[in-house]
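Numbering (full-length UniProt numbering), first residue to last: 1 to 269.
For every residue, glycine included, the Cβ atom is placed at its ideal position computed from N, Cα and C.
It should be emphasised that the depicted structure is a prediction, and the values quoted were computed from it without experimental measurement.
Worksheet: the structure to be examined is printed underneath.
What follows is the structure, encoded as structure tokens:
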């Protein structure tokens, strides 16, 4: 029985290796075909049945980390973009089980040249990936670090709410050529997502609001509101403990209000 099991594992490993080798070879053939006459400097054509002449770029942002400063923030994020490029369409046998092909780093494809118009991009880490589906639909992800201004809410000193705005635009293309649209298909896809580490830290994402198109920008402002959980003090009946397990019910009501106000005032600094 042990020998039969080992033979089965060996045969299975050989089959998987052969399948991966065939898949890699098929993907290489696909890339060779689609890039034969491909020009990455030319904007993709619009579909014949489209009612507009612009390329639609669907975007969402994943915030990995935020470094707070006095009046600004350094936002480490992943910019995710999706668009259709009919020149990259390809046919593949369903038996190959290939639903997308990764674009290698030595192959250049057309991109909308997106940048953050509401801040200064400090650096690009080089972490970039792109895949293309048989329909020519491209999905791209790129890490960016953006320095943006920060505004404070009007609830000080009871609530330390901070917000910053992320506005996207294209370096090269006007609104007539490229239009941005925030991805919004909850609960699977949100316009703005944050890492679990960021949400479990001293600050957490409260809300993200999309604005309207402004001026010549391809997309309007997307305001992200973030508040600090440890600065949220509710001086009401639902609060039973203050600080490290100190029972509020043992403190006179007027002192509770004073403690909450003083704690919020000190922590905001």
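message: Measuring alpha carbon to alpha carbon, tell me which residue in 180, 72 and 191 is nearest residue 83.
response: In the chain shown, the residue the question calls residue 83 occupies position 83. Taking only the C-alpha atoms, the option nearest residue 83 is 180.
Whole-number beta carbon distance between residue 40 and residue 55, since they are thought to touch under 8 angstroms: Counted from its first residue, the chain shown places residue 55 at position 55. Counted from its first residue, the chain shown places residue 40 at position 40. Wrong, their Cβ atoms sit about 14 angstroms apart, outside the cutoff.
task: Name the residue from 115, 24, 93 and 92 whose alpha carbon lies nearest to the alpha carbon of residue 142.
output: If you number the chain shown from 1, residue 142 lands on position 142. Taking only the C-alpha atoms, the option nearest residue 142 is 115.
task: For residue 135, name the three-state secondary structure that DSSP assigns.
output: The count along the chain shown starts at 1 and reaches residue 135 at position 135. Coil.
query: Which term fits residue 79, buried or exposed, when burial requires 16 or more other beta carbons within 10 angstroms of its beta carbon?
result: Here residue 79 refers to the residue found at position 79 when the chain shown is read from its first residue. Classification for residue 79: buried.
field: Whole beta strand (DSSP E) elements within the region 48-112, 3-residue minimum
entry: 55-68 and 72-84
task: Kindly list the residues whose CB is nearer than 8 angstroms to the CB of residue 104, restricted to its own chain and excluding five residues on each side of it in sequence; keep chain order.
output: Reading the chain shown from its first residue, position 104 is the one you call residue 104. These residues qualify, in order along the chain: 31.
task: Report yes if the C-beta distance between residue 85 and residue 119 is below 7 angstroms; otherwise report no.
output: As a first step, residue 85 is located in the chain shown; it is residue number 85 there, counting from the start. As a first step, residue 119 is located in the chain shown; it is residue number 119 there, counting from the start. No, the Cβ-Cβ distance between residue 85 and residue 119 is not below 7 angstroms.
task: Determine, using beta carbons only, whether residue 73 and residue 148 come nearer to each other than 7 angstroms.
output: Residue 73 sits at position 73 when you count from the first residue of the chain shown. Residue 148 sits at position 148 when you count from the first residue of the chain shown. Yes, these two residues count as a Cβ contact at 7 angstroms.
task: Would you mind giving the Cβ-Cβ distance between residue 172 and residue 113, rounded to the nearest angstrom? I have them listed as a contact below 8 angstroms.
output: Here residue 172 is taken as the residue at index 172 of the chain shown, counted from 1. Here residue 113 is taken as the residue at index 113 of the chain shown, counted from 1. Indeed, because the Cβ distance is near 5 angstroms, the residues count as touching under 8 angstroms.
- prompt: Which same chain residues, not among the five before or five after residue 27, have their C-beta less than 8 angstroms away from its C-beta?
  reply: Position 27 of the chain shown, counted from the first residue, corresponds to residue 27. The answer, listed in chain order, is 98, 101 and 102.
query: For the candidate residues 57, 38, 48 and 66, whose alpha-carbon lies nearest to that of residue 144?
result: As a working note, residue 144 is residue 144 in the chain shown. Comparing Cα positions, the closest option is 66.
task: Can you give me the Cβ contacts of residue 35 inside the same chain, cut-off strictly under 7 angstroms, excluding the 5 residues immediately before and after it?
output: Counting from 1 along the chain shown, the entry for residue 35 is found at position 35. Excluding positions up to five away in sequence, the list reads 107.
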